[in-house]
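**Q** For reference, the structure I am asking about is given below.
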Amino acid sequence: MARDTRHPVIELTLARFREFLREPEAVFWTFIFPILLATGLGIAFRSRPADHAKIAVLESPRAAAIEALLKQDSTLTIQILDDSAAARALRIGEVALLVVPAGGDSAEYRFDPARNEARTARLLVDRALQRAAGSVGAIPVRDSYISERGSRYIDFVVPGLLGMNIMGSSVWGIGFAIVDARRKRLLKRFVATPMRRPHYLLSFLLMRLTLMIIEVSVITAFAAFVFGVPLRGAIWQLAIVAIVSALAFGGIGLFIAARARTIEGASGLMNVVMLPMWVGSGVFFSASNFPNAIQPFIQALPLTAAVDAFRANMLQGGAWSAVGPELLILAVWFTIPFVAALKMFRWQ
Amino acid sequence: MVDCRFYIQRSVPPVPPGSSVALAVHALRKTYGDVVAVDGLDLEVRTGECFGLLGPNGAGKTTTIEICEGLLVPDSGDVSVLGHTWLADRAELRERLGVQLQETQFAEKLTALETVRLFRSFYAAGRSPEEVVRLVQLEDKRNARVNTLSGGQKQRLSIACALVGDPDLLFLDEPTTGLDPQSRRQLWDIVDDFRRGGGTALLTTHYMDEAERLCDRVAIVDHGHIIALGTPRELILSLGAEQVVEFALKDGAQPSVEALGTLKGVRSVRGAGGTWTLEVGAAHEAVPALLAYIDRSQLGLTELRTHSPTLDDVFVSLTGRTLRDGA
Chain P
1 MARDTRHPVI ELTLARFREF LREPEAVFWT FIFPILLATG LGIAFRSRPA DHAKIAVLES
61 PRAAAIEALL KQDSTLTIQI LDDSAAARAL RIGEVALLVV PAGGDSAEYR FDPARNEART
121 ARLLVDRALQ RAAGSVGAIP VRDSYISERG SRYIDFVVPG LLGMNIMGSS VWGIGFAIVD
181 ARRKRLLKRF VATPMRRPHY LLSFLLMRLT LMIIEVSVIT AFAAFVFGVP LRGAIWQLAI
241 VAIVSALAFG GIGLFIAARA RTIEGASGLM NVVMLPMWVG SGVFFSASNF PNAIQPFIQA
301 LPLTAAVDAF RANMLQGGAW SAVGPELLIL AVWFTIPFVA ALKMFRWQ
Chain R
349 MVDCRFYIQR SVPPVPPGSS VALAVHALRK TYGDVVAVDG LDLEVRTGEC FGLLGPNGAG
409 KTTTIEICEG LLVPDSGDVS VLGHTWLADR AELRERLGVQ LQETQFAEKL TALETVRLFR
469 SFYAAGRSPE EVVRLVQLED KRNARVNTLS GGQKQRLSIA CALVGDPDLL FLDEPTTGLD
529 PQSRRQLWDI VDDFRRGGGT ALLTTHYMDE AERLCDRVAI VDHGHIIALG TPRELILSLG
589 AEQVVEFALK DGAQPSVEAL GTLKGVRSVR GAGGTWTLEV GAAHEAVPAL LAYIDRSQLG
649 LTELRTHSPT LDDVFVSLTG RTLRDGA
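See the structure below:
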């Protein structure tokens, strides 16, 4: 085929790419941002020998003695604070628990039971004080520590970031480009040519698919090499999960952009669509934290399906019984919005 | 006095009457809510001619041309383009038409040539993008991004995208609005070139000089229908005036309309915004008579101009408004 008569889908897709690559900010947000985020989270949640519980002892004649007792437990970081400093430190979470010496040998623990680390501190402090006072365990126990690749926070969060990145770049990338073209009356100009309308929409999906391959490769390779995040499932299955996810979010992106006339309108719509998924789909913490009553809703969200499929592949080896149902959910999320977008698309 | 501008400026010979019809519009009507944009408009564009819809903003020109382009659906009326209707032969028509819309902004990050190439890919047959880019004199800007192009260059790019499918019929909606004189002349040359190749063009404009320069025939549109139709020369001659005299008086003084009307050679009198316009048979008779009248009436003259009548004068005499006033 001569150079000046390439297939319209190829020309349209090339145009998408040129526009994208010539926008440095877009390249940054797509490729660099997830890596920065993964690095930040990897550092913040790196596996440490043992977490130090930060506690305070209220200033009093017995404070120094209590501090000495507690120091026998090396996992406790202790400071002696006066009334107001202690109250402040508790409030801002600088210490998890405050020991208030009371009459005789007794003591009072002040902490917020809703905070995990406060409850842990309560157990540690109490164990240290009781032991110092001569208490012994009723049954003999033994600790053995494990630190397995695949069970750390970074292992949990990287598949989540993959899903979130595919969602964000598809919905934003497609939505803004289409609404912008509509606002500039470029869509109307295209309609005045023999261009076939599905070709135009297809070019967005093709561009997303290609970019997704780069995005997923960059993030996955970075996570695997820098943090040792495991890739237990087959790579081709990971590719299928990524492709189906990109199609699903591409379809959703097209649907959101199908009628919006302004960037502001589309932007609001995108946030409405994505917010429940940012919160509910288990990117940063397990979706099972939500009440059972809303689990069916959460499990049906496309981002939940994408993230669960990525985790099933990367962390659990990718049994089809785990990955298959998620792919099915994503396929539905591609088909319905894409068909609806084609039907209701506003060309001028 | 003979107005010879048409013979000097026109570079494409006019199309004789009786040629085949490229575009026929009958009893076209389109409303937006309570607003009637097009109100029973009839139009016939002959193959090979350049036809102009001339009228103020809001006259219904854009609505009319977009219906002809198949972008809008009329409430009623018939449109036949190159012998086809939009309902029956949309795909074929798209291949044979070139369209330039008002206010299309092309993708800013693409280059001029990439943009033309993209449009070329939509057509089954057409011209080479390089050739079209050369034709619209964007050769040295072919690899420049769209956002670095000037207004005139963007407009030429827009025409290039309309020409790259090698159309039989070209639609241009206000092609030179907002452009500097040199850019306008460049655009006119491109349209001439297209017509020399046998193409038919329908354009809208609110510039009378553009219509006079480019169009074989002009329809003057006002309030959604055609109020005058003919060659620019016919329309101007219909005024019956050889010259137009405009003057203004000191302190906005009011002359007597009756007195002006009886001056030698004066055929009509109009006053608007402090400027008075006389359509006259011969300026060398009317101007001395006017000066004598002003002197006699002890009025002070602040401005005096004479010019050959233009399509703007035709529009003013038909509607009492100028083309620039809006509808």
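Residue numbers (our numbering), protein chains in the order written: chain P, 1 to 348; chain R, 349 to 675. Note that the Cβ used here is the ideal one computed from N, Cα and C, for glycine as well.
1. Suppose you measure from the CA of E117 of chain P to the CA of I35 of chain P; what does that come to, to the nearest Å?
2. If you count every other CB in all the chains shown that lies within 10 Å of the CB of I169 of chain P, and 16 or more means buried, which is it?
3. Mind checking which residues open and close the beta strand (DSSP E) that includes R196 of chain P?
4. Taking V628 of chain R and G613 of chain R to be in contact with their CB atoms under 8 Å, please state how far apart those CB atoms are, rounded to whole angstroms.
5. Can you give me the Cβ contacts of A634 of chain R inside the same chain, cut-off strictly under 7 Å, excluding the 5 residues immediately before and after it?
6. Report the rounded CA-to-CA distance for P113 of chain P versus A341 of chain P, giving the unit in angstroms.
7. Quick check on DSSP: helix, strand or coil for S84 of chain P?
8. For L330 of chain P, which residues from the same chain have a beta carbon less than 7 Å from its beta carbon, with the 5 sequence-adjacent residues on both sides left out?
9. Q453 of chain R touches chain P at which residues, Cβ-Cβ below 8 Å?
10. Which residue wins for smallest C-alpha separation from V171 of chain P, given the options P:F111, P:M277, P:T75?
11. Span of the beta strand (DSSP E) holding C563 of chain R?
12. Suppose you measure from the CA of T496 of chain R to the CA of Q485 of chain R; what does that come to, to the nearest Å?
13. I'd like to know whether the C-beta of V191 of chain P is nearer than 8 Å to at least one C-beta of chain R.
14. Is the CB of P657 of chain R under 8 Å away from at least one CB in chain P?
15. In angstroms with no decimal places, state the Cα-to-Cα distance between A2 of chain P and I154 of chain P.
16. By Cβ distance, which residues of its chain are closer than 8 Å to A607 of chain R, with the 5 residues on each side in sequence left out?
17. Using the C-alpha atoms, what's the distance from A630 of chain R back to P636 of chain R?
18. Under 7 Å between beta-carbons, which chain R residues line up against P8 of chain P? List them in chain order, please.
19. Residues in the same chain with beta-carbon distance under 6 Å from A620 of chain R, minus the five sequence neighbours each way, listed in chain order, please.
20. Compare the beta carbon distance of D387 of chain R and H571 of chain R with 8 Å and say whether it is the shorter of the two.
21. For the alpha helix (DSSP H) that contains H605 of chain R, what are its first and last residues?
22. State the Cα-Cα distance for the pair G324 of chain P and G282 of chain P, rounded to the nearest angstrom.
23. Using DSSP's beta-bridge definition, name the partner residues of R142 of chain P.
24. Taking the C-alpha atoms as reference points, what is the distance between E397 of chain R and L445 of chain R?
25. For chain R, is any of its Cβ atoms less than 8 Å away from the one on Q348 of chain P?
26. Look at the alpha carbon of T579 of chain R and the alpha carbon of V566 of chain R, and state the distance between them as a whole number of angstroms.
27. With a threshold of 8 Å on Cβ separation, who are the neighbours of L458 of chain R within its own chain once the five nearest residues in sequence on each side are excluded?
28. According to a CB-to-CB cut-off of less than 7 Å, which residues of the segment 189 to 220 of chain P neighbour chain R?
29. Buried or exposed for F519 of chain R, going by 16 or more other Cβ atoms inside 10 Å?
30. Can you pull the chain R residues whose beta carbon is under 7 Å from the beta carbon of R259 of chain P, in chain order?
31. Would you check if the distance between the CB atom of V464 of chain R and the CB atom of C509 of chain R is smaller than 8 Å?
32. Which runs of the beta strand (DSSP E), 3 residues or longer, sit entirely within the segment 477 to 547 of chain R?
33. Does the beta carbon of Q316 of chain P fall short of 7 Å from some heavy atom of the ligand NAP?
34. Could you tell me which of R:K409, R:L371, R:L461 sits nearest to S506 of chain R, measuring between CA atoms?
35. Could you tell me whether the segment 220 to 232 of chain P touches the segment 529 to 540 of chain R, using the rule of 3 or more Cβ pairs below 8 Å?
36. Can you give, in chain order, each stretch of the beta strand (DSSP E) that sits fully within the segment 363 to 404 of chain R and has at least 3 residues?
**A** With the given structure in hand:
1. 28 Å
2. First, the residue type needs correcting, since residue 169 of chain P is Ser and not Ile in the sequence shown. By the neighbour-count rule (16 or more Cβ atoms within 10 Å), S169 of chain P is buried.
3. It is not in any beta strand (DSSP E) - R196 of chain P carries neither H nor E in the DSSP assignment.
4. Sure, about 5 Å apart at Cβ, within 8 Å.
5. Around A634 of chain R: V593, L611, K612, G613, V614, L626, V628.
6. 49 Å
7. helix
8. V244, S245, A248, P302, A305, A306
9. Counting only Cβ-Cβ distances below 8 Å, Q453 of chain R has contacts in chain P at K184, R185, L186, in chain order.
10. P:M277
11. It is not in any beta strand (DSSP E) - C563 of chain R carries neither H nor E in the DSSP assignment.
12. 16 Å
13. So yes, V191 of chain P belongs to the interface.
14. no
15. Because the pLDDT at A2 of chain P is just 47, under 50, the model does not fix this residue reliably, and the point stays unresolved.
16. Y641, S645.
17. If I take the Cα positions, the gap works out to 11 Å.
18. Within chain R, S469, F470 have C-beta atoms less than 7 Å from the C-beta of P8 of chain P, given in sequence order.
19. For A620 of chain R, where only same-chain residues beyond five positions count, there are no Cβ hits under 6 Å.
20. Taking 8 Å as the Cβ cut-off, D387 of chain R and H571 of chain R qualify as a contacting pair.
21. In the sequence as displayed, the identity of residue 605 of chain R is Val instead of His. From DSSP, the alpha helix (DSSP H) with V605 of chain R extends over 605 to 609.
22. 19 Å
23. Its beta-bridge partners do not exist; DSSP assigns none.
24. 15 Å
25. yes
26. 6 Å
27. L466, R493, V494
28. For the segment 189 to 220 of chain P, which is checked against every Cβ of chain R, the residues closer than 7 Å are R189, V191, A192, T193, P194, M195.
29. buried
30. Residues of chain R passing the Cβ test: none, with the nearest at roughly 18 Å.
31. yes
32. 517 to 521
33. No copy of the ligand NAP occurs in the structure displayed, which carries no ligand at all.
34. R:L461
35. By the Cβ test, the segment 220 to 232 of chain P is not in contact with the segment 529 to 540 of chain R, since fewer than three Cβ pairs between them sit closer than 8 Å.
36. List check, beta strand (DSSP E) in window: 369 to 380, 383 to 394, 398 to 402.
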